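Student:
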Amino acid sequence: MASRCSSAALQAAVDAIGRANAMLIAAGAGMGVDSGLPDFRGPQGFWRAYPALERLGLRFQDTSNPRLFHEDPELVWGFFIHRYQLYRKTRPHAGFQMLKEWADRKTQGAFVFTSNVDGQFQEAGFDPMAIVECHGSLFHLQCTLPCSQSSIWPAGDALNDVVVDSKTMRVSEDVLPRCPSCQRLARPNVLMFGDHAWRSDIVDAQVSRFYKWQRSCRDDPDLQMVILEIGAGTAVPTVRLECDAVLSRTNYSSGHYQRRCHLIRINPNDNRDTGRDVTCIELPCFEALQQIQALLS
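The numbering of the sequence shown is full-length UniProt numbering, which starts it at 1 and goes up by one.
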């Protein structure tokens, strides 16, 4: 395994991208940092972004919890509306366009698998039908119950102009979104901590398309897939586990090992030796993509 930001690691990444005819882009919170989005890395990182919640002693896992919609809806909706408005006004950094250009050249196509709920890949022009948002999207809402009549609906523009008190991170009760079917309180359609009410309908359909694409790729006797795992940590390892699973499924799809897939893990932290088919680049995401782009050019 090549590691750190050595020239060998970068060249291994360039070679894998160059020979690939299929690409999986897998992104965690670190992907959005260079766009100016917070990554909530540890309590201190979260509190830097939300000092009002530090004063209340609330961590990210406390605030991103469905229980709070019943206990303090004005506070939890203030937090989520602030994030929604931030995501709406944030433009994806240039690394997204680099990834899209690389992906567009692959004859077997490309897919995005992301734990981010910020809609940045759609904003950057990636095909929405080739994206899995495994933790849902802040741009969709659902009933807090959820009631039997409700589904998932777009957040639309209703949250754009809601005023969030920056000192308290609260909104007024009269602006709280409601379920159109039963008028109960609505919530974002994102997977939270200790969440048993999240509706996964949209994600289930996304995953179904993702697995269909993988099967099509594995049917190609000339398959060379590259997985670009970008900014995915170990605290909530959903993206990392999926990348490891795709790597294993692809290289052992015939029942014995064939080197048909290579994983490039880009993260300035949390890298570890994970085998012969993995290259780790310990750089911030955008810097790593820039260096790879320069070598590809």
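Ideal placement from N, C-alpha and C gives every residue a C-beta, glycine not left out.
Keep in mind the model is a prediction, meaning the values are calculated, not measured.
(1) Ignore the nearest five residues each way along the sequence and tell me which others in R59's own chain have a CB closer than 7 Å to its CB.
(2) What residues are listed by DSSP as bridge partners for M225?
(3) Is the distance from the Cβ of T238 to the Cβ of H262 below 9 Å?
(4) Judging by CA-CA distance, which residue of V246, D104 and H196 is the nearest neighbour of residue 364?
(5) Check whether the Cβ atoms of V14 and L296 sit closer than 9 Å, and answer yes or no.
(6) Mind checking V163: buried by the 16 CB within 10 Å criterion, or exposed?
(7) Which class does N116 belong to by DSSP, given the choice of helix, strand or coil?
(8) Rounded to the nearest angstrom, what separates R27 and T234 at their Cα positions?
(9) Does Q108 pass the burial test, meaning 16 or more other C-beta atoms within 10 Å, or should it be called exposed?
(10) Would you list the residues sitting across from V278 in a DSSP beta bridge?
(11) Roughly how many angstroms lie between the CA atoms of D220 and F96, to the nearest whole one?
(12) Consult DSSP for P180 and reduce its assignment to one of helix, strand or coil.
(13) So what's G78 in DSSP terms, helix, strand or just coil?
(14) Please list the terminal residues of the continuous beta strand (DSSP E) segment that includes H70.
(15) Are the beta-carbon atoms of E282 and N269 separated by less than 9 Å?
(16) Are E133 and Q206 touching if we call contact CB-CB under 9 Å?
(17) Shortest alpha-carbon distance to Q293 belongs to which of R67, M98, V76 and A12?
(18) Just to confirm before moving on: does the CB-CB distance between A29 and F40 stay below 9 Å?
(19) What do you reckon, are the CB atoms on A232 and N267 nearer than 9 Å?
(20) Is the region 47-58 close to the region 180-199, with three or more CB pairs under 8 Å?
(21) Is it true that the CB of L159 sits closer than 9 Å to the CB of V86?
Tutor: Working from what's here:
(1) P43 and F46
(2) A22 and C261
(3) no
(4) Because the chain spans 1 through 297 in this model, residue 364 falls outside it and cannot be assessed.
(5) yes
(6) exposed
(7) coil
(8) Residue identity check: residue 27 is Ala in the sequence provided, not Arg. If you take the alpha carbons of A27 and T234, they lie about 13 Å apart.
(9) buried
(10) L263
(11) 27 Å
(12) coil
(13) helix
(14) Looking at the DSSP string, H70 is not in any beta strand (DSSP E); the run it does join, the alpha helix (DSSP H), is L68 to E71.
(15) yes
(16) yes
(17) M98
(18) yes
(19) yes
(20) no
(21) Note on residue identity: the sequence assigns Leu, not Val, to residue 86. Going by C-beta atoms, L86 is not nearer than 9 Å to L159.
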